Every structure is written in structure tokens, then in C-alpha cells.
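Trainee: Residue numbers (UniProt numbering), protein chains in the order written: chain A, 1 to 294; chain B, 1 to 336. Cβ coordinates follow ideal geometry from the N, Cα and C atoms, glycine included. Here the structure is a predicted model, which means the values were calculated and not measured. One structure coming up, written as C-alpha cells, with questions to follow.
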Amino acid sequence: MAELRTVPGGPAAAPVVVPGGDRDGRFASRMIIAGASILSVVALAAVFAPLLSQWGETEIDAANTLVAPGGSHLLGTDGNGMDIWSRVLYAARLDLGIALAAVALAVVVGTLLGLVAGYFGGWLDDVLMRVVDIFQSFPTFILALAVAALLGNGTINLIVTIAAVNAPAYARLVRAEVRSLRELPFVDAAITSGASPAGVLWRHLLPNSLTPVRVIAPLNCGWAMLTLAGLSFLGLGVSIPEAEWGAMISLGAADVVGGRWWTSVPPGLALFVCVLGFSLLGEGLQDRANAKRR
Amino acid sequence: MRILRFVVRRLLQLVPVLLGVVVLAFLLVRVLPGDPVRSILGQNATEEDAAAARARFGLDQSLWHQFLDYLGGLLTGDFGTSIQSGGSVGSEMALRVGPTLELVVISVTFALVVATVLGIWSAKRANRAGDHSIRIFALVGNSVPEFWLGLVLVLVGYSILGWFPAPNGRVDPDTGLTPLTGADLVDAVLTANGPATASAAAYLVLPVLTLVVGVVAPLLRSVRASALEVLHSESYAAAKAHGLRDRTLHHGYLLRATLVRLPSLAALVFGTAIGSTVLVEYVFSWQGFGQWALRGLLYRDYPVVQASVLVIALCYVLVFLIADVVHAILDPRVRL
């Protein structure tokens, strides 16, 4: 990872590239490829779940509850007689879907707020940033718990919950970016050539302020999945019988103590691998963005 | 002396912030859909029963009245009465804060040590295999769902190997531990109860390990980045060129400069850990603060939710205050 740093106290504050990082960007590329491959596999599993599994998402095999892996149930069944392998595949739909939708919503809302606050400044900026401060002065998972309790269960509510917890960070990021961009000559040029505020925001400031957002968003998707699963684990998210990794882990939690690993371990592993995919992708992109700043 | 003045000033600044939290929590909990008394009355309760219960907890009063009552109680250290249990929220909470704090403090301390050692080791081998594997380890720590990791550790450590106790509490009840602070390990040591000390320590291993893996990643990254920066700084190069001994270089230059940024990050991580304990306590039946607050939230137990929000906010701001003080001690350039 090549990092930029400024000479402390130096008048020119010339950027100095710290060597010793990933000079040719090979490690970054590898991380991006690994992350993208993992995510593609998960996405394919989600799409082709019906073809890859013999049992339905909520199909109950009442004669075979809590059976060990093998036979007609590849990864065994849970306490309700539902096939673990099928449900792990189907769950990718809900997990990926909710996480992606939530992050998309957070990006849109956060970016809009940040653009407006950063460009117009004044009291609007003050009010918005104080709200952001309040949001960010609580641990994020605690905040998600509170919002989830406030809104209640349901797919849409979960998307809104996770988006609400994430949007403030984007607002802050974009606002900072807009505030520094606003001072650059090209913005003045646009204004003098008669562009409206909306035009300046949309055509000039928005595209330029999205760079950090693009880097943060993949990491954020992983975090959104962990939050969703955590909420479901505590009974505040998706509930059984719908297939969702966190809810499945929760259902199997009691079996683990008795040594029956197959109800909880596979869904958790799937969740972990998927989040790892997002992390690798995000980290690789971040490395690349840092290297580019040279 | 300067530090003392700074601490007092910051503590005074906390008063309006906490007052804001109190007001906000009071209002928000009442906006929550769901009725706190319905959940204790059951299905067959009539409207009169509900009204009587509401009157018993003062919920029939005007919002202003309720708030002033609550605030007056807070000033005398009275957090109100739990709607669910009917007990005093203050004394219930006192039993719950100790165990959670014990878990979080041990985990964060442990994570700080691990992050410092591994981070510096990794920076010295930047972009070699060892460094890459440390970075991957940090990514794994960032990506693993903590509650699931806890379950896997239970599976391996208890169900398969049988080395650690079952996830059913914090100490073996047969050891006859007298609770003092609620933090069982501390209590056991204070009362010189040998078996209880061993038992409490054994119960702590798996939850602490779970939290450490989740918490160590951001710390590790930060230490690595700071150490890289120091290693490539001109002052370090100059010190090295002057032929200082490795020990001096390591302790006087690398370690100290690297650690400067750690306190504020540790404070942030402490907040994340408080969030994670809700999940980890649930897995290990820790019966701590997180579980208590979660139940309060689920049952809309107003006084419990209000008290836990206040305590979390208080913890958070105090930890940041401590972090600032430690930062000032480590870095003489910082003026408080």
C-alpha cells in the first residue's frame, strides 16, 4: 500500500510517497480479483438457487428433523426439517438484496444531503451536520438496534434501518469533498458561464465528489450484511421461515452446544465468505485509490 | 495540573451533552410503537387493568410531568422502576454493568497489545509475505460475524474439545462467589476465592477471544500505517544513520510515535465493542448490560431504555475523555 503523507510543518507540505507499500499494485489487484470472484459466486448461487438445490426455500421434511449431513440432505436439516444447503443458497437472495438496497439508499440520501449542505452552507449546513453528529455519537450497531425496534420487522423497514444508520457517514464524506471542490476554479468558471446552482451541483460537483464514495461503498455493503444478520440473530430482522443467514444461525444456536454444528456453521460461513468478498474488493479499491493520488 | 484543569473543563462540557441525551432518549422511547404495560398484563387484560397499570407507573401523567419526575429522580440517583420486573432500575443496572465492562475492558486491552505487536512486526516487513498475511488476517477479523464466531468457538472449545465451560453464564455457581462489583473475576480475586477465580477466568476465555478478533482489525491497520510512516520518516532515517542502537530506535522512536494515534482509535473501538457485546452476551448467556438493555428495548420498558441509553452515552464520552488525556501524556506536542 503506497501511502501519501505530508511533511509535518513543512511550508510546501509536499506530498511524500511512503515506499515499502505495494509498489506495483499487484497485491491490490489480487485482492480486487479475489473479492470480485467471491461475490460473483455468491450472486450466481443466489440466482440459480432452485437449480442447485433439491429442496425448496421453506420446504419441510417433517420426517427428518435435525438430521446430520448426508443422504438426501447435503448439509442436514434444522429443527423444523428444512434443508440447510438449500436455505443457505436461497438466503443469499435476501442478504445480498437487502444489503445492496440499503447501501444504495444510504448513498443516494447521504450524497444528496452532503451536496446540499456542502454547497449552500449556512444554517442548513449547521442543522444537517448537528443531526449527523447525533447519529454518529452512538455505536452504530446500537443505533441500528434502536431504529429497527422503532420501525419493526419487514424487508423494507430493514433496508430503511440500515440505510438510516449509514447515510450520515456519506453525507459527511460528500460534504467535505464538495466544500473543497467548491473553491476550485472550474466551479467558478461554470458559475460565470451561467450555470444554475442545480447545474453546477449535478454536472460538476456530483461526479467529482463521488470518488471517495465509490471506495467506501463496497466495504459498507459488507458491514450492512453483518448488521442485517446481527439484527436477525437477535430477532429484530428477518424472521424464520424466510431464509436469511443471521436468522438461520440464530435458529441453530442452541444445537451448537449439543455438538450439532450443521445448523449454524454453514450459514455463518456463507455470510463470512460473502462479507470477506466485499472487504477484499473494498480494500483493493482503496489501495488503488491511494496509489493514484501520487 | 494542566491536565486536571482540562479534565474538569471537559466534564463540565459533558453536562449539556448528557442532558440532550436524556431528553432525546425520553422522547424517542415514547415514540416507539408498542405499549410497555400491555406486555406485562397479557392477553386477557381489560382496558381498566391497562389504565390502572399505566397509573401505577405514572404513564397517565402529562409528558412534562413525567419528564420532570424522571429528571428529579435522576438528580437524586434514582433511575426509576422497571415496568417489567418492578425492581429499581439503578440497582438492576449496577449488577449488569460490571460483567459487561469486565468483558469489554479485557478484550480491548488484549486487542491493543496484539495490534501493537503485530502491527509493528508487519510494518517492518512491509509488502513481504508476513505483512500480506497480517493484512489478510485484519480483513478476516473485519468480515467475520462476531456472534457466529462465538458459536464456532463454543462448538470447538466446549462441545468438541471440552476445554472451556458451556456458554451458560460467567462463573460456576457452586464456587459460592460473593458478588461485589459484578465483574466476577475481580470479585473472585478480591474475596480470595481460588476456585471462583479459576472458573471466572475459564468462562471469560471464549467471549473475550470472540470480541478480540472482531476488534483487533482496525487497531492493527492503524498501527501498521503509523509504523510505516515512522519507518520512512526523515527523523527515523537520521537517527538510524547516527548509529543509534536498535533498542533505542525501537523504543524511543518507533514504539512511541506509533502509539500516539492509538488512544483515540481505541476509544472508537471501545464503542464498537459495546455494540458487539449485545450479540456476544446473547451467545454466551452473559447476563450483562447488553442483554438487559436489549430486553428493555424489546419490551418497551421505558425506564430501562432511558437508563441504558444514558449509560452508553456516558461511557462513550468518558472513554473519549480518557483517550484525550492519554494522548496528551504520550505526545508532548499536544496542548490541552
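Please name the residue in A:D287, A:A224 and A:A247 whose C-alpha comes closest to that of L96 (chain A).
Mentor: That would be A:A224, whose Cα lies nearest to the Cα of L96 (chain A).
Trainee: Give the straight-line distance between the Cα atoms of A196 (chain B) and S285 (chain B), rounded to the nearest whole angstrom.
Mentor: Approximately 18 Å between the Cα atoms of the pair.
Trainee: L173 (chain A) CB to nearest chain B CB: under 8 Å?
Mentor: Cβ-Cβ to chain B under 8 Å: no for L173 (chain A).
Trainee: The alpha helix (DSSP H) with Y90 (chain A) in it runs from where to where?
Mentor: Note, Y90 (chain A): alpha helix (DSSP H), I84 to F120.
Trainee: Please decide whether P69 (chain A) counts as near chain B, where near means a Cβ-Cβ distance under 8 Å.
Mentor: Taking Cβ atoms only, chain B never reaches closer than 8 Å to P69 (chain A), which makes this a no.
Trainee: Let me know the secondary structure DSSP gives I60 (chain A) once reduced to three states.
Mentor: I60 (chain A) falls in the strand class under three-state DSSP.
Trainee: Please name the residue or residues paired with H73 (chain A) in a DSSP beta bridge.
Mentor: For H73 (chain A), which the question treats as bridged, DSSP gives the partners A:G70.
Trainee: Report buried or exposed for residue 315 (chain A), applying the criterion of at least 16 other Cβ atoms within 10 angstroms of its Cβ.
Mentor: Any property of residue 315 (chain A) remains undetermined from this structure, which presents chain A solely from 1 to 294.
Trainee: Tell me whether the beta-carbon of L18 (chain B) lies closer than 8 Å to the beta-carbon of A313 (chain B).
Mentor: Cβ atoms of L18 (chain B) and A313 (chain B): closer than 8 Å.
Trainee: Report the CB separation of E92 (chain B) from W292 (chain B) in whole angstroms; it is logged as a contact under 8 Å.
Mentor: The Cβ separation is near 7 Å, so the contact holds.
Trainee: Among the residues of its own chain, which have a CB less than 7 Å from the CB of P218 (chain A), if the five just before and after it don't count?
Mentor: Contacts found: F278, L281, G282 and L285.
Trainee: Taking CB distances under 8 Å as the criterion, tell me whether P332 (chain B) reaches chain A.
Mentor: No - not a single Cβ of chain A is within 8 Å of the one on P332 (chain B).
Trainee: So which residues on chain A does G275 (chain B) lean against when the C-beta distance must stay under 7 Å?
Mentor: Those within 7 Å of G275 (chain B) in chain A are P139, T140, F141 and I142.
Trainee: Short of 7 Å in beta carbon distance, which residues of its chain neighbour D324 (chain B), apart from the five on each side in sequence? Order them along the chain.
Mentor: Closer than 7 Å at Cβ, skipping near neighbours: no residue.
Trainee: For W121 (chain B) and A146 (chain A), what's the separation of their Cα atoms in angstroms?
Mentor: In a straight line, the C-alpha of W121 (chain B) is about 40 Å away from that of A146 (chain A).
Trainee: Exposed or buried, P207 (chain A), counting other C-beta atoms within 10 Å across all chains shown (16 or more means buried)?
Mentor: When all chains shown are included, P207 (chain A) counts as exposed.
Trainee: Short of 9 Å Cβ to Cβ, which residues in the region 245-271 of chain A face chain B?
Mentor: Listed in sequence order: W245, G246, I249, S250, G252, A253, V256, V257, G258, G259, R260, W261, S264, V265, P267, G268, L269 and L271.
Trainee: Measure the CB-CB distance between R43 (chain A) and L89 (chain A) and report whether it falls below 8 Å.
Mentor: Residue identity differs from the one stated: residue 43 (chain A) is Ala in this sequence, not Arg. Cβ distance not < 8 Å, so A43 (chain A) and L89 (chain A) don't count as in contact.
Trainee: Assuming contact is defined by CB atoms lying nearer than 8 Å, are L204 (chain B) and A227 (chain B) in contact in what I supplied?
Mentor: No; because the gap between Cβ atoms is not below 8 Å, this pair is not in contact.
Trainee: Measuring only the C-alpha atoms, how far is P179 (chain B) from E281 (chain B)?
Mentor: The alpha-carbon atoms of P179 (chain B) and E281 (chain B) are separated by roughly 19 Å.
Trainee: Mind reading off the beta-carbon distance from V132 (chain A) to R172 (chain A)? Whole number of angstroms is fine, and I expect it under 8 Å.
Mentor: At roughly 6 Å, the Cβ-Cβ gap stays under 8 Å, so V132 (chain A) and R172 (chain A) are in contact.
Trainee: For A289 (chain A), which residues from the same chain have a beta carbon less than 6 Å from its beta carbon, with the 5 sequence-adjacent residues on both sides left out?
Mentor: The residues are V215.
Trainee: Say whether chain B places a C-beta atom closer than 8 Å to the C-beta of A229 (chain A).
Mentor: True, the Cβ-Cβ gap to chain B drops below 8 Å.
Trainee: Between A102 (chain A) and V208 (chain B), what straight-line distance do the alpha-carbon atoms span, to the nearest angstrom?
Mentor: So the two alpha carbons sit approximately 31 Å from each other.
Trainee: Between the alpha carbons of L259 (chain B) and I136 (chain B), how many angstroms are there, rounded?
Mentor: The alpha-carbon atoms of L259 (chain B) and I136 (chain B) are separated by roughly 22 Å.
Trainee: Quick one: residues in its chain with C-beta nearer than 7 Å to the C-beta of S82 (chain B), no 5 flanking neighbours on either side, listed in chain order?
Mentor: Counting only Cβ-Cβ distances below 7 Å, and skipping sequence neighbours, we find V89, E92, D301, P303 and V304.
Trainee: Bridge partners of S88 (chain B), per DSSP?
Mentor: S88 (chain B) is bridged to B:T81.
Trainee: Shorter than 8 Å from the beta carbon of S159 (chain B) to some beta carbon of chain A?
Mentor: Answer yes: the Cβ-Cβ gap between S159 (chain B) and chain A drops below 8 Å somewhere.
Trainee: With a threshold of 8 Å between beta-carbons, can F233 (chain A) be considered close to chain B, or not?
Mentor: By this cut-off, F233 (chain A) is an interface position.
Trainee: Could you name the residues of the region 92-113 of chain B whose beta carbon sits closer than 9 Å to any beta carbon of chain A, in the order they occur along the chain?
Mentor: Cβ contacts with chain A come from no residue of the region 92-113 of chain B.
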